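*Asks:*
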Amino acid sequence: MSEPTGLLHVDRATMQFGGLTALSDFSLDVKKGDLQGLIGPNGAGKTTAFNVMTGVYAPTSGRVVVAGEVMNGRLPHQVNRAGLARTFQNIRLFKELTALDNVKVACLADDRPPQSLFSRHRVDADRREGRFLLAHTRDAWGNYLDWWRTFLQTSGFRSDEARIEARAHHLLGVLGLSHRADELARNLPYGEQRRLEIARALATSPKVLLLDEPAAGMNTREKAELMGLITSIKNDFGLGVLLIEHDMKLVMGICEKITVLDHGETIAVGTPAEVKANPKVIEAYLGVESKELQA
Amino acid sequence: MSELIQHIINGLAAGTIYALVALGYTMVYGVLKLINFAHGDVMMVGVYVGYASAKQMGRATSQSFLGVCLTFLVAMAACAAIGFLIERFAYRPLREKPKLTALITAIGMSFFISYSFQVETKIGGLTLLPGAAPKAFPEIIQPTEWLVIGDRAIVLWNWQVISVLIAVALMAALQFLVFKTRFGMAMRAVSFDHRTAGLMGIPVDRVIAGTFMLGSALAAGAGILYALKDTLVQPLMGVTVGLKAFVAAVIGGIGHVPGAVVGALALGLVEEFVVGYGSSTWRDAVAFAFLIVVLLFKPEGIFGKVTAEKV
Amino acid sequence: MPGILRGLLPFAVAVPVLLAVQLLTADAPFFVILSLTVGVNVVLAVSLNIINGMTGQFSIGHAGFMAVGAYIAGVVSKVLSEYGIAFLPEGVSDQLLYAISLLVGAVAAAAFGFLVGLPSLRLKGDYLAIVTLGFGEIIRVVVQNTELFGKALGLSGVPQRTTFFSCWLLVVLVVVVAWRIRRSTHGRALLAIREDEIAAEAMGVNTTAYKVRAFVVASFFAGLAGGVFAHYQSIVAPSSFTFVKSMEVVVMVVAGGLGSTTGAIVAAVFLTLLPEALRSLFLQLSGDGTMAQMVEQIRMPIYGLLLVVIMLVRPQGLFGTRELWEVGPFKRLFGEKR
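Here the protein sequences come in this chain order: A, B and C.
Numbering of the first sequence is given in the working numbering, commencing with residue 1 and proceeding in unit increments.
Numbering of the second sequence is given in the working numbering, commencing with residue 1001 and proceeding in unit increments.
Numbering of the third sequence is given in the working numbering, commencing with residue 2001 and proceeding in unit increments.
1) In the region 1235–1296 of chain B, which residue ranges form an unbroken alpha helix (DSSP H) of at least 4 residues, counting only runs that do not cross its ends?
2) Between which two residues does the alpha helix (DSSP H) containing B/Q1160 stretch?
3) Give a yes or no on whether the minimum CB-CB distance between B/Q1118 and chain C is below 8 Å.
4) Given C/V2171, which residues of its chain have a CB within under 7 Å of its CB, disregarding the five upstream and five downstream residues?
5) With C/H2231 and C/T2162 assumed to form a contact (beta carbons below 8 Å), what rounded beta-carbon distance in angstroms separates them?
6) Could one say the Cβ of C/T2321 lies closer than 8 Å to chain A's Cβ atoms, at least one of them?
7) Out of C/K2245, C/V2254, C/T2262, C/E2276, which has the shortest C-alpha to C-alpha gap to C/R2314?
8) What's the gap between the Cα of B/R1092 and the Cα of B/T1105?
9) Got a sec? Which residues, its chain only, sit under 7 Å from A/M15 by beta carbon, not counting five neighbours each side?
10) Are the region 1015–1028 of chain B and the region 1218–1227 of chain B in contact at 8 Å, needing three or more beta carbon pairs?
11) Count the other C-beta atoms from every protein chain shown that fall within 10 angstroms of the C-beta of A/Q153, then say buried if there are 16 or more, exposed otherwise.
12) With DSSP run on the structure shown, which of helix, strand or coil describes B/L1129?
13) Please tell me whether C/M2203 has its Cβ less than 8 Å away from any Cβ of chain A.
14) Report buried or exposed for C/S2156, applying the criterion of at least 16 other Cβ atoms within 10 angstroms of its Cβ.
15) For the region 1234–1267 of chain B, which residues have a beta carbon sitting closer than 9 Å to at least one beta carbon of chain C?
16) Taking A/F151 as the query, report the chain C residues whose CB atoms sit under 7 Å from its CB, ordered along the chain.
17) Going along chain B in order, which residues have a C-beta closer than 8 Å to the C-beta of C/F2058?
18) Beta-carbon of C/L2191 versus every beta-carbon of chain A: anything under 8 Å?
19) In terms of alpha-carbon separation, which member of A/G45, A/P272, A/D182, A/D212 lies closest to A/D25?
20) Taking only the alpha-carbon atoms, compute the straight-line gap between C/A2028 and C/V2017 and give it to the nearest angstrom.
21) Listed in chain order, which residues of the region 2298–2316 of chain C have Cβ atoms closer than 9 Å to some Cβ of chain B?
22) Relative to the alpha-carbon of B/V1247, which residue among B/V1045, B/L1032, B/L1291, B/W1282 has its alpha-carbon at the smallest distance?
23) Hey, does A/F88 have any beta-carbon neighbour from chain C nearer than 8 Å?
24) Thinking C/L2080 and C/I2051 are a contact (beta carbons under 8 Å), I'd like their distance in whole angstroms, please.
25) For a contact meaning CB atoms closer than 7 Å, what does A/W147 contact in chain C?
26) So what does A/V70 bridge to, in DSSP terms?
27) Between the alpha carbons of B/M1027 and B/F1212, how many angstroms are there, rounded?
28) Is the shortest distance between the beta-carbon of B/F1303 and the beta-carbons of chain C less than 8 Å?
29) List the residues of chain A whose Cβ lies closer than 9 Å to the Cβ of C/R2006, in chain order.
30) Pick from C/G2056, C/W2179, C/G2227: whose alpha carbon is nearest that of C/A2192?
31) Only counting the same chain, and skipping five residues up and downstream in sequence, which positions put a Cβ closer than 7 Å to that of A/L250?
32) Is A/G150 helix, strand or coil by DSSP?
33) Write down the C-beta distance between B/T1319 and B/S1062 rounded to the nearest angstrom, noting that I regard them as a contact closer than 8 Å.
34) So A/Q36 is in the beta strand (DSSP E); what residue range does that whole segment cover?
35) So does the region 1261–1272 of chain B actually touch the region 2124–2141 of chain C, counting three or more Cβ pairs closer than 8 Å?
36) What are the residues of the region 2020–2034 of chain C that lie near chain B, defined by any Cβ-Cβ distance shorter than 9 Å?
Following this line, the structure appears as structure tokens:
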């Protein structure tokens, strides 16, 4: 069933761990061109929400729909293929790989030529139309052939590699990391590591980008630059973006719609102005300088 | 029916011995998240120390109550010392490194100990390393049949009963230690989160060292009981017993103390049944097959808790 | 040059070189046996490196896959030795049937690799390691109890078909395959799984499928190694495939550097030749063989100590995760732009 409401649609997702309810009745809609924020005090359940949306956790109840397909029970890599990409709160780069390789790994998403019998397009089409066994078989055989093409170094393999290389370089360029292509990820300065994570997520050709505190640890200037970058990426690649951020000024300044969580519950949804004025939000952030909210 | 009872008796007797060794594995895993592959080999060293002290005491002394206690105590003390040394010099430096590193070290340590004991080394008149030839463990407990039912349909040996009693006593002592003493509480704290425990003022290094020593001492006790059962001892005995005890600990849920006992008893019984009703040549495969079956249905073990990684 | 032809280039170079060496050493049986032992170990180490090094899993039952390959290839070969292919000269026919037996053994090993890799869906790290260990042990016990495989005494009478050429052609094959995997999407996926499985999964890598594939490829080659081994040993005994053998291969991979194919090759060669060299040396020195015997005895505790010392002092091994082409003077030789 197609969900007309957009690229990412979360329908009353609840996540319970034993006796603890980390997320309760969480709903969200992200459309193409959106730049939304997800905020809340520490422990509010924001990252849990991300994990539920990306398939790391299967929600105890509720649905996650990505690009019209219901994701319940799908593994994270399948959710990614459906069009959802993310970055992590604690940077999870492939430390011993170069920046270029980090991005190349994620370029998996389009490594088979579209006209081939086992192409991603056909596999995804099969899956969308419920022919799961066929999709799985196609995928398995496609991968099997891939391995043989790798062993024999066919020209198809070489052109694939060239395409991936070019694409990875391009994405590094978009994030201003071209000069770091051959540097090991663990040697990159912090800010560049965060940008590399974004480049990597972009490489999976997503429709929606989930960014978990992408500006954490950056100074004001860097944050402003990053936000500008995210906005232009959103426009250039035609994505919807959902941000988790702690910096209020940032979030209020850049997001069109904000969802506020506290103890797993959604306490407010609306424009920055609406959210800022919401008494429940102010209360949840008690202990934080209220002038930060009104900035 | 009587055959069944005999098998149950044998299985439980063997199981209690596995349990003593399994406890060492599970405790160390609890505080260090490390599978101490060398545990079984430390047990083997304890057995040889027991062998040497029993031989030194001479036949009469070693068979007296005092002699038996002394044999046990000396072996347990020696193993505690060895356990301490291994932890201090081989595992502690690797505590913050990836787990794989420590695991490889543990396996290396196991090989080093068990195989160096295979090389007979004598200095002067003193035998430092026993060599590969199996030796007969002195009969510090004379085997006598305590209970015979029917026409030897069911036989209960004295050493079986003594073995179970000693094992149960040691386990009870451990239970008391873990749940009723401050050290035990410290152990449990360290097993939950050693960084936080350290911040709370718990001397993590000492707790871990203590845990190692405790586990090793128990293993020594188990080893001597095993030697009494099997009579012959040889340097590679630690490997087989160790692996099986380890399997028992994993089946019960590694890190879970009562689980280790349950797993060990279960393994003892299963093994006994397979050997008794099937064929003894399949004995060594039983433990692993049992393990794989359990892990496939319950990957964290019977009592284990699923630990999710924070994303 | 069209793709596939360029792909076959290494073999075009290797074949004549190996044939030449084979002809030259035809009269040096000691060298040949030694080279076969080294060759088998290199194949084992390079294949294990795919699982342990590239994918970051911990497989400690590799000898089990070798055993499957050895026994199955051995049995098939014995059956086939009754026959010959009519229109071919005997030597060629023998080799062809030998190749077929090897293939059957390797496929069987790969099937087990698949089975052993499957639990990786639910089991991680230590637990998976124990399952691989268990697998190795179970295989050994099964073989010890099966009439067809000769039980404890082993399978005897396997025709001796291994030549220097065929063994080292296999070595070239596994090295080329490992290198090519490494420099492809699949290699990158495996490395990603090693580095951070959760992130890899989030980036679209089907981690379970890839882990299983790593096991399948690695066990296939271990099976080939086993088959080659069987066809020069002639007797295939369970005592050749113990946990100790598995750990010997692990030592080679770890010492060479987890993740480095080059490291695995170097370590395998060195660690196979060293005890042999020492043994010959002592044999020369003391004539009566007691010191040589000592080498065999001391080898194991030294292996153990070696593992401990490497982990304490240089856990990344000799090459770390790097390959030959990434190191200094070799960069230009292999044409760096990858």
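Think of the CB as a built atom: it goes at the ideal place given N, C-alpha and C, for glycine as much as any other residue.
Predicted, not measured: the structure shown is a model, and the values here were computed from it.
*Replies:* According to the structure shown:
1) Counting only runs of 4 or more residues that sit fully inside the region 1235–1296 of chain B, the alpha helix (DSSP H) segments are 1237–1252, 1257–1277, in chain order.
2) To locate residue 1160 of chain B, count along the second sequence from 1; it is residue 160. It spans 1158–1180 - the alpha helix (DSSP H) in which B/Q1160 sits, taken as one unbroken run.
3) Taking the first residue of the second sequence as 1, we reach residue 1118 of chain B at position 118. Chain C, which has a Cβ nearer than 8 Å to the Cβ of B/Q1118, makes this yes.
4) For the purposes of this step, residue 2171 of chain C is taken as residue 171 along the third sequence, with counting starting at 1. G2039, V2042, V2043, listed in sequence order.
5) Position 231 of the third sequence holds residue 2231 of chain C. Position 162 of the third sequence holds residue 2162 of chain C. Between C/T2162 and C/H2231 the Cβ distance is about 4 Å, and since that is below 8 Å, they are a contact.
6) The count along the third sequence starts at 1 and reaches residue 2321 of chain C at position 321. For C/T2321, the answer is yes, since a Cβ of chain A falls inside 8 Å of its Cβ.
7) Residue 2314 of chain C sits at position 314 when you count from the first residue of the third sequence. With distances taken between Cα atoms, C/R2314 lies closest to C/V2254.
8) As a position in the second sequence, residue 1092 of chain B is number 92, starting the count at 1. As a position in the second sequence, residue 1105 of chain B is number 105, starting the count at 1. About 11 Å.
9) Working through the first sequence from its first residue, we reach residue 15 of chain A at position 15. So the qualifying residues of the chain are A22, L23, T48, V52, Y57, P59, T60.
10) yes
11) Working through the first sequence from its first residue, we reach residue 153 of chain A at position 153. Classification for A/Q153: buried.
12) Your numbering for residue 1129 of chain B matches position 129 in the second sequence. Three-state result, B/L1129: strand.
13) Position 203 of the third sequence, counted from the start, is the residue given in the question as residue 2203 of chain C. At least one CB of chain A lies nearer than 8 Å to the CB of C/M2203.
14) What you label residue 2156 of chain C is simply residue 156 of the third sequence in a count that begins at 1. Result: exposed.
15) Within the region 1234–1267 of chain B, the residues whose Cβ lies closer than 9 Å to some Cβ of chain C are V1239, L1243, F1246, V1247, V1250, I1254, listed in chain order.
16) The residue labelled residue 151 of chain A in the question sits at position 151 within the first sequence. V2177, R2180, listed in chain order.
17) Residue mapping note: residue 2058 of chain C aligns to position 58 of the third sequence, counting from 1. The contacting residues are L1100, L1103.
18) Position 191 of the third sequence holds residue 2191 of chain C. Yes, contact with chain A.
19) As a working note, residue 25 of chain A is residue 25 in the first sequence. Checked all of A/G45, A/P272, A/D182, A/D212; the closest Cα to A/D25 is A/G45.
20) The residue labelled residue 2028 of chain C in the question sits at position 28 within the third sequence. The residue labelled residue 2017 of chain C in the question sits at position 17 within the third sequence. If I take the Cα positions, the gap works out to 17 Å.
21) Within the region 2298–2316 of chain C, the residues whose Cβ lies closer than 9 Å to some Cβ of chain B are I2298, R2299, M2300, P2301, I2302, Y2303, G2304, L2305, L2306, L2307, V2308, V2309, I2310, M2311, L2312, P2315, listed in chain order.
22) Against the second sequence, residue 1247 of chain B aligns to sequence position 247. Residue B/L1291 is the option with its Cα nearest to B/V1247.
23) Translated into positions along the first sequence, residue 88 of chain A becomes position 88. A/F88 counts as touching chain C.
24) Position 80 of the third sequence, counted from the start, is the residue given in the question as residue 2080 of chain C. Position 51 of the third sequence, counted from the start, is the residue given in the question as residue 2051 of chain C. In fact, because the Cβ distance is near 31 Å, the residues do not count as touching under 8 Å.
25) As a position in the first sequence, residue 147 of chain A is number 147, starting the count at 1. Ordered by position in chain C, the residues that pass the 7 Å Cβ test against A/W147 are H2186.
26) What you label residue 70 of chain A is simply residue 70 of the first sequence in a count that begins at 1. Partner(s): A/V65.
27) Taking the second sequence and counting its residues from 1, the one referred to as residue 1027 of chain B is at position 27. Taking the second sequence and counting its residues from 1, the one referred to as residue 1212 of chain B is at position 212. Rounded to the nearest angstrom, the two C-alpha atoms are 8 Å apart.
28) Here the question's residue 1303 of chain B lines up with position 303 in the second sequence. No, no contact with chain C.
29) Looking up residue 2006 of chain C in the third sequence gives position 6. The contacting residues are Q153, S155, R158.
30) By one-based count along the third sequence, residue 2192 of chain C stands at place 192. Checking every option, the nearest Cα to that of C/A2192 belongs to C/G2056.
31) By 1-based counting over the first sequence, the position of residue 250 of chain A is 250. Contacts found: A215, K223, M227.
32) Indexing the first sequence from 1 puts residue 150 of chain A at position 150. The residue you asked about is not Gly; residue 150 of chain A is Thr in the sequence shown. Of the three classes helix, strand and coil, the one that applies to A/T150 here is helix, per DSSP.
33) In this structure chain B extends from 1001 to 1311, so residue 1319 of chain B is not present and cannot be described.
34) For the purposes of this step, residue 36 of chain A is taken as residue 36 along the first sequence, with counting starting at 1. Taken as a continuous stretch (DSSP letters only), the beta strand (DSSP E) holding A/Q36 covers 35–39.
35) no
36) none
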